[in-house]
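Chemist:
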Amino acid sequence: MPVPEAIADAVSAQKNGSVIAPAGYGKTETIADIVASTTGRCLLLTHTLAGVDALRLRLKSKGIKPERYHLDTIAAWALRYASSFPKTSGLPPITTPRGNQWPAVYQAAHQLLASGSVDVVIRASYSMVLVDEYQDCTISQHEIAKALSRTVPVIVFGDPLQGIFDFGAETIVNWTNNVLPTFPQIDELKTPWRWKKKGNDALAEWLRVTRDDLQSGKAVDLQTVPSCVRVHHVKNQALVRKLEAKACNAVSPSPTNRLVIVGTKGSENQRAAVAKRVRAQNVETIECKGLQAACLKIETLTGLPRLRYFVKLLSKCIVGVRPTPFLRRIEEIHNGKRITKPLSIAEAAALRVITDDHLEPLTILIDEFRKAGQAFRGELIFALKNSLVSRSLSEYPTLLDCAWHVQERRRHAGRRHGYKIVTSTLLVKGLEYENSVVFLSNPMTKEDVYVALTRASLRIEIVTEHIAFQPS
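Per numbering that gives the first Met the number 0, residue 0 is the first one in the sequence shown, and the count goes up by one each step.
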């Protein structure tokens, strides 16, 4: 598709500016088309490695050669430049920054750019900068973009109605107060390509009206919905689980008919419980508090307490694990009870956990219980097993350190989700599925509601007790 005229004019005039990009309106395509239409080399920045992968695939699909652009996360680009000029940037030696160290990286990158000492390098390297998902920028990242815009033209793409991230002490940009004064609005994308390509104009129009209502502070009207949106009204709390099952089993998932179930963004355990009930895969955060807690607990415990904790943990991740009878039999055997049938592989490994401080028996238990049941927290189990293997090889000093490195490798390698998943608005933003189930209940912000409702291209099932849902 051609670059919208107003954006093409801004690119030709080498203007700084911003583009409002509603969900599903062709933002990634527009960015790729801008790169294809320019003669210089573009710097493309976004927030996540998933975002980098999405842009790279789109650029590749259009036959755009890699030498025409440099694509990176804001974090990685800032670290590379700040660490390349440590005296000017003032960046302390950091090999692999962790969460609380990134503000120092951004400050150093801004100091370097503001000094003017790399202006020649920037101009020689890039003809233009395009920044994706700008509503998720922190103020410190915004300062980097501002500094770049004084050297080369910068166009930022984002949507205030998709600003759902919270970085704690780091303040997120305010579109009106922070973004527009530096990057005046050039245009707003107008065509709902996600639904237009599926011939689903009815859903596109309902979501457009819903977007307008959310922006103006109105409730979402759940009485006048198109036929591709089905609302399951919870009139009796005793029927919640029945309606949940009905909504989550309304389609038969396949590679071309995927289902995403959008639950609360606040609790991993609540989403995991839903995944268990509806036989779906739970999507874990990269930080995965459950993994961190497990690693700390496993290294603290030994013997029988370690075994009890570990088997109960697996029962919370794999359907079919029955911890009580399994542990009762292992304890009886450990205490000298005569057995009449040979030990299973899992039982032999469990006995080793009691008498042996090595971690290998724990990985055997994971394998055996996965064979016997269905893992609904497969990502957690996979990461935990790899962390145990890494610690067994003494790759890092603690199991928690091993888990951090395992998750970092996963983050860089990318993630492949199943055909039926449970996730949160934070983890699903930017992704597209054919079908979705959305639980509308407070506390949910208007941004959470909009992100949740715009994931599906074909059909939405909504479970709620409201006739008109008013975000908190």
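The beta carbon of each residue, even a glycine, is placed where N, CA and C say it ideally should be.
1) Have a look at C287 and L361 and give me their C-alpha separation to the nearest angstrom.
2) Rounded to whole angstroms, what is the Cα-Cα separation between V128 and I297?
3) Which stretch, first to last residue, makes up the beta strand (DSSP E) that contains C136?
4) Helix or strand or just coil, what does DSSP make of A35?
5) Please list the segments of the alpha helix (DSSP H) lying wholly inside the segment 120-177, counting only runs of 4 or more residues, in order along the chain.
6) Which runs of the alpha helix (DSSP H) at least 4 residues long sit entirely within the segment 256-320? Give them in chain order.
7) Just list the residues that DSSP pairs E243 with in beta bridges.
8) Beta carbon of V427, beta carbon of V228: below 7 Å?
9) How is R207 classed by DSSP in three states: helix, strand or coil?
10) To the nearest angstrom, how far is it from the Cα of I338 to the Cα of R278?
11) What did DSSP end up calling C41 once you bin it into helix, strand or coil?
12) Going by the CB atoms, is the gap between Q406 and I285 shorter than 7 Å?
13) Once the 5 residues before and after A5 are set aside, which same chain residues still bring their CB inside 7 Å of it?
14) I'd like to know if the segment 130-141 and the segment 156-175 are in contact, where contact means that at least 3 CB-CB pairs between them fall below 8 Å.
15) For M443, is the classification buried or exposed, using 16 other Cβ atoms within 10 angstroms of its Cβ as the cut-off for buried?
16) Which residues bound the beta strand (DSSP E) around S435?
17) Secondary structure at R409, three-state DSSP: helix, strand or coil?
18) I'd like the span of the beta strand (DSSP E) that includes A103, first residue to last.
19) Nearest by alpha-carbon distance to V318: which of S114, R369, L147 is it?
20) Are the beta-carbon atoms belonging to P470 and V448 less than 7 Å from one another?
21) May I ask you to report which of helix, strand or coil DSSP gives K26?
22) Pop quiz: L111 and T72 are said to be a contact at Cβ under 8 Å. What is the actual Cβ separation, rounded to whole angstroms?
23) Using only the alpha-carbon positions, how far apart do V421 and L43 sit?
24) Taking the beta strand (DSSP E) that S456 falls in, what are its first and last residues?
25) In the DSSP assignment, what are the bridge partners of V219?
26) What's the call for R327, buried or exposed, on a 16-neighbour Cβ count within 10 Å?
27) Measure the CB-CB distance between L188 and A20 and report whether it falls below 7 Å.
28) Near F182, what residues of its chain come up, given a Cβ to Cβ distance below 6 Å and the 5 sequence neighbours on each side ignored?
29) Taking contact to mean at least 3 C-beta pairs separated by less than 8 Å, is the segment 246-263 in contact with the segment 55-68?
30) Going by beta-carbon coordinates alone, are R207 and E433 separated by less than 7 Å?
31) Between S11, L398, T263, A271, which has its C-alpha nearest K315's C-alpha?
32) Identify whether S343 lies in helix, strand or coil by the three-state DSSP scheme.
33) Would you give the residue range spanned by the beta strand (DSSP E) that I19 belongs to?
34) Which value, in whole angstroms, describes the spacing of the CA atoms of I344 and I363?
Modeler: Taking the definition as stated:
1) 20 Å
2) Looking at the two C-alpha atoms, the distance is approximately 47 Å.
3) No beta strand (DSSP E) contains C136, which DSSP labels as neither H nor E.
4) Assignment of A35 by DSSP, reduced to helix, strand and coil, places it in the helix class.
5) The qualifying runs are 138-148.
6) 267-277, 288-299, 302-314
7) Bridge partners of E243: none, in fact.
8) No, these two residues do not count as a Cβ contact at 7 Å.
9) helix
10) 35 Å
11) strand
12) yes
13) I185, D186
14) yes
15) buried
16) For S435, the uninterrupted beta strand (DSSP E) run begins and ends at 432-438, by DSSP.
17) Assignment of R409 by DSSP, reduced to helix, strand and coil, places it in the helix class.
18) No beta strand (DSSP E) contains A103, which is instead part of the alpha helix (DSSP H) from 101-114.
19) R369
20) yes
21) helix
22) Contact flag wrong, Cβ pair sits at about 17 Å.
23) The alpha-carbon atoms of V421 and L43 are separated by roughly 31 Å.
24) 455-463
25) F468
26) Flag for R327 reads exposed.
27) yes
28) Correct list, in chain order: N15, G16, S17, V155.
29) no
30) Going by C-beta atoms, R207 is not nearer than 7 Å to E433.
31) A271
32) coil
33) 16-19
34) 8 Å
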